[in-house]
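Residue numbering for the sequence shown follows UniProt numbering, starting at 1 and increasing by one per position. Note that beta-carbon positions come from the ideal geometry of N, C-alpha and C, so glycine has one too. Quick caveat, the model's predicted, so the values are computed rather than measured. Here's the structure, in structure tokens; my notes come after.
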Amino acid sequence: MKLILTADVPNLGGPGDTVEVKDGYGRNFLLPRGLAIVATRGAQKQVETIRRTQEGKRIRDLDHAKEVAGQIQGLGTVTVTGKAGQGGRLFGSVTPADVVSAVRSQGGPNLDKRFIDITGHIKSTGDHEVTVRLHPDVAVALPLDVQGG
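Here is the structure:
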């Protein structure tokens, strides 16, 4: 089955790549989750649109990764809010998407949530730290201030 990927799929390819996969994998996994579309002539035209939308989040090279790392370090401590009960225990946990939206709301760069590496689960208020992996050679420690709301 020939498909065009709409998102980054580990060990397969990135958005806009045309790949050949087994029928079951494409029909039962990629297509229902919206990770790919069937490769037709009309879909080939959509590939450019997909690539343009993903280009804003993509880290192009080592120099660009270092530039984005400097922007992240310039933010200082990022505040993330979540619903908390007594004793500062959160209902749920802080996710990479929460961290990305907090960075963006505080004037930081537009990141992809797959760049955020949370060690363990952040389930309580207080100070925590996550790692932002922008490039194989560039990783930035990002301090978080988790507050109950």
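In the structure shown, residue 135 adopts extended strand secondary structure according to DSSP, grouped into three states. Secondary structure of residue 77 (DSSP, three-state): coil. Residue 35 is a Cβ neighbour of residue 9, given a cutoff of 7 angstroms. Contact between residue 125 and residue 97 does not hold, since the beta-carbon distance rounds to 19 angstroms and is not under 8 angstroms.
Collapsing the DSSP output to three states places residue 45 in a helix. In the DSSP assignment, residue 36 falls within the beta strand (DSSP E) that extends over 36–38. In the three-state scheme derived from DSSP, where H, G and I count as helix and E and B as strand, residue 64 is classed as helix. Taking 8 angstroms as the upper bound for CB-CB distance, residue 144 and residue 78 are in contact here, some 6 angstroms apart. Along the length of the stretch 105–136, whole alpha helix (DSSP H) runs at least 4 residues long do not occur.
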